[in-house]
Amino acid sequence: MDLTGANLIGTRESREGTSGFRGLDPRRGEPLDPEFREATPFEVDAAGRAAEGAFGEYALVSPAGRAAFLRKVAEGIAGLGDALLDRTESETALPRPRLESERARTANQARLFADLVEEGSWVDARIDPARPDRQPLPRPDLRRMLVPLGPVAVFGASNFPLAFSVAGGDTVSALAAGCPVVVKAHPAHPGTSEMVARAILAAASATGMPDGVFSIVHGPSPAVGQGLVTHPAIQAVGFTGSFRGGKSLYDAAAARPQPIPVFAEMGSANPVFVLPDALATRGEAIAGALATSVTLGSGQFCTSPGLAFVLRSEASDAFVERLGSLLAAAPAGTMVHPGIKSAYDTELEAVLALPGVRLAARSTASGPRADTEARPALLVADDAAWGAQPRLGEEIYGPVTLAVRCATSDALLAAARSLHGHLTATVHATERDLAEHGGLLRILARRVGRVILNGVPTGVEVAPAMHHGGPWPATTDPRATSVGTAAIFRFARPVCFQDFPDPALPEELRDENPRGIWRLVDGRPTRDPVRRARTAPA
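Following this line, the structure appears as structure tokens:
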């Protein structure tokens, strides 16, 4: 595929802007062809208007039609073959096996949502048939279901150039819900973004979707993203990135004449609690698993474990020492662009300057590109420093974790209570630990979106039961997930139809249930037809 560097407004290529930028190979520091043009305000407006123009038609596309579109997207991404992997590897320095896995995950997400919309029960149809004889007042016929929210703006993430980017979970869940999508490509991998965008557009064309159902705009300037979020056509936003970036979009969306929801994932330190009996019985194995999780992908996972809490003891001292030795021996990892590496160094030094924090270990490994290679590190503090320095609970994005040594069980629980919102929390425990520290799990369930027992937080399964979200500041809405089939609910809203004749209703709400979906009828889940009460003639 020949890359053009153009913004794609539906099926139209556009290169109106005079400001250009290129992708960068983070391993070599070399710019990559072609030059991409930053979208002008006129191009951003055109993308929004194209999405609005497509919405009316796309919202009426049958579930089978939307499913065919999503399966064609999956097929198109797979069909890009090695060319996609080559470009993505050049732009991100992520290892080939990781990219192969991520490409498969991206395609499988699209297929998962295709199955979901084809089956159809996700619309949460609820029917309360009329009761004309009810006293003192008759009950009207009430039928409720979810419908598409409207055009959605999606922001590609730097750390997952495929699975959380142009055709990632935000995009496919919005398309599955019946919403056109405008993607703001991440400037760290513009070539990858164009390739995937063209696969989506080809799938839309092959399945007869309306022009404007998908567009992509480029640009490193915040003005491009702000222009999208404030465009009157856009009705929701999906974002994965920094707290600063997500908060700015959230504020802009709230300040609109018509405020809209922003579903932003903005970072998380993902605390790990290693309880005493687990430490005594398998502390070395836990240290090994934690070190691997901390350094996975150079720490560039939103679920990387950035905090580790232990009760002070000889076993926990040995655990911290072992964890430090593993991180000290770990290689430096190439980050996806110099800005992330610079932020890692800055944040690490800022935390080390806080009272009560010391550097326990840091890798001495180095490579040819100091501006993109991050060295793993272990920081240590006690519970007093933790309580006095709220900054310690914030994410340092990269291959580092802070071990907090608590003097007592009460101090451990107090540390858990002081946590702000995170995506995950992990507990390493035996049955004895769980019996003695049962309150810890209840505390953590209030602070995070996913609690892991005897595992690691990295690795987010794409499945219906997954919840990838958490209380503020991990995300802007703890009820929403960006992974798993429940992600579709972010981009839909309920509508109730009162006293409608059967032919005027959506298929999902008609008496005979022609789609055969599960519905809640008079409060009971069923696939059976609805029998309307007959009104006696006057």
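So for the sequence shown, my numbering puts the first residue at 3; every next one is plus one. Think of the CB as a built atom: it goes at the ideal place given N, C-alpha and C, for glycine as much as any other residue.
* **Where residue 99 falls: helix, strand or coil (DSSP)** => In the three-state reduction of the DSSP assignment, residue 99 falls in the helix class, which pools H, G and I.
* How long is the line joining the alpha carbons of residue 540 and residue 140, rounded to whole angstroms? -> Low confidence applies to residue 540: its pLDDT is 41, below 50, so where it sits in the model is not reliable enough to give any reading.
* Asked: How many Å lie between residue 165 and residue 105 at the Cα?
  -> 7 Å
* **Whole-angstrom distance between residue 427 and residue 461, CA atom to CA atom** => 13 Å
* **Counterpart residues of residue 240 in DSSP-defined beta bridges** => 156 and 265
* So residue 472 packs on residue 236, CB below 8 Å; how close in whole Å? -> Residue 472 to residue 236, Cβ: 25 Å. No contact.
* To do: Give the secondary structure of residue 161 by DSSP, where H, G and I count as helix, E and B as strand, and everything else as coil.
  => coil
* Asked: Buried or exposed: which applies to residue 354, given that a residue is buried once 16 or more other Cβ atoms fall within 10 Å of its Cβ?
  -> exposed
* Asked: Secondary structure at residue 16, three-state DSSP: helix, strand or coil?
  -> Assignment of residue 16 by DSSP, reduced to helix, strand and coil, places it in the strand class.
* With respect to the beta strand (DSSP E) encompassing residue 500, which residues constitute its N-terminal and C-terminal limits? -> Residues 494-500.
* Do residue 123 and residue 519 come within 8 Å of each other at the CB atom, strictly closer than that value? -> yes
* Asked: Which residue spans inside the region 244-331 form an unbroken beta strand (DSSP E) run of at least 3?
  -> 264-267, 273-276 and 309-313
* To do: Give the range of the beta strand (DSSP E) segment to which residue 395 is assigned.
  => Run containing residue 395: none; DSSP gives neither H nor E here.
* Asked: Can you give the Cα-Cα distance for residue 486 and residue 135, rounded to whole angstroms?
  -> C-alpha separation (whole angstroms): 44 Å.
* Check residue 117 in the structure and name its three-state DSSP category. => helix
* Quick one: what's got a C-beta closer than 7 Å to residue 421's C-beta in the same chain, skipping five residues either side? -> If we look at residue 421 and ignore the five residues flanking it on each side, its Cβ neighbours are 273, 395 and 449.
* Per-residue burial, residue 184 [other beta carbons within 10 Å of its own, 16 or more giving buried] -> buried
* **Exposed unless 16 or more other CB atoms sit within 10 angstroms - verdict on residue 510** => buried
* Asked: Which residues mark the beginning and the end of the beta strand (DSSP E) in which residue 481 is found?
  -> It is not in any beta strand (DSSP E) - residue 481 carries neither H nor E in the DSSP assignment.
* Asked: With a Cβ-Cβ cutoff of 8 Å, do residue 231 and residue 204 count as a contact?
  -> no
* **Rounded C-alpha distance that separates residue 381 from residue 247** => 27 Å
* Is residue 217 helix, strand or coil when you go by DSSP? -> strand
* **Beta-carbon contacts of residue 361 that lie in its chain and below 7 Å, excluding the five residues immediately before and after** => 354, 379 and 381
* Under the DSSP definition of a beta bridge, which residues are partnered with residue 33? -> 26
* Mark residue 525 as exposed unless 16 or more other C-beta atoms lie within 10 angstroms of its C-beta, in which case mark it buried. => exposed
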